[in-house]
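Sequential numbering from 731 applies to the sequence shown in this note's numbering.
Working notes for the structure below.
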Amino acid sequence: MKHLLMAGGILLAAAPGEAVPTTADVPALAKAAVARRIDVPTSAIHILTAKPSSKMPGFVVCGRIDGTRGEGGEQAPEAERFFVIIPGDFAILDKDGKSLIDTYWSENHCE
């Protein structure tokens, strides 16, 4: 039994899971997180700020989405802002609450 527990511990240590994202990975991961939230081509997603977070492990990303469409397919009059935390899929958009985006952008010195 003792050998089984030790072998299981070694097995768990040998399978750590996903690698920690690097600074180079952040733009692509942020674009993928935003694209999962809203149906736009990645070419319409523009990263304005991508930097290590001062408040939590990982990175924060701020940006804008050009060419977003409304529910009826009409062109939106202005770009939509977004905020993403990497690692993770946490992406919020202006449509989730402009005051929420304002808070995240202000707290993370996005503009």
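Positions of the beta carbon are idealized from the N, C-alpha and C atoms, including for glycine.
The structure presented is a predicted model; accordingly, all values stated were derived computationally and were not measured.
Identified DSSP bridge partners for residue i
{"i": "R766", "result": "Looking at the DSSP assignment, R766 forms no beta bridge with any residue, so it has no partner."}
{"i": "I815", "result": "V790 and F820"}
{"i": "P782", "result": "F789"}
{"i": "H776", "result": "R794"}
{"i": "E810", "result": "I795"}
Distance, residue j Cα to residue i Cα
{"i": "D832", "j": "E841", "result": "10 Å"}
{"i": "A843", "j": "S784", "result": "The shown model of the chain, from 731 to 841, leaves out residue 843, and the question about it has no answer."}
{"i": "L778", "j": "R811", "result": "10 Å"}
{"i": "A762", "j": "S829", "result": "24 Å"}
{"i": "A754", "j": "Y834", "result": "22 Å"}
Proximity of residue i and residue j at Cβ, strictly below 7 Å
{"i": "A780", "j": "R794", "result": "no"}
{"i": "V770", "j": "N838", "result": "no"}
For residue i, the nearest candidate out of the options (CA to CA)
{"i": "V750", "options": "G818, S773 and Y834", "result": "G818"}
{"i": "D826", "options": "V764, T752 and A754", "result": "V764"}
{"i": "T752", "options": "I768, C792, R766 and P787", "result": "P787"}
Cβ-Cβ separation, residue j to residue i (assumed contact under 8 Å), whole Å
{"i": "I815", "j": "L759", "result": "Actually they are not in contact, since the Cβ atoms of I815 and L759 sit about 10 Å apart, beyond 8 Å."}
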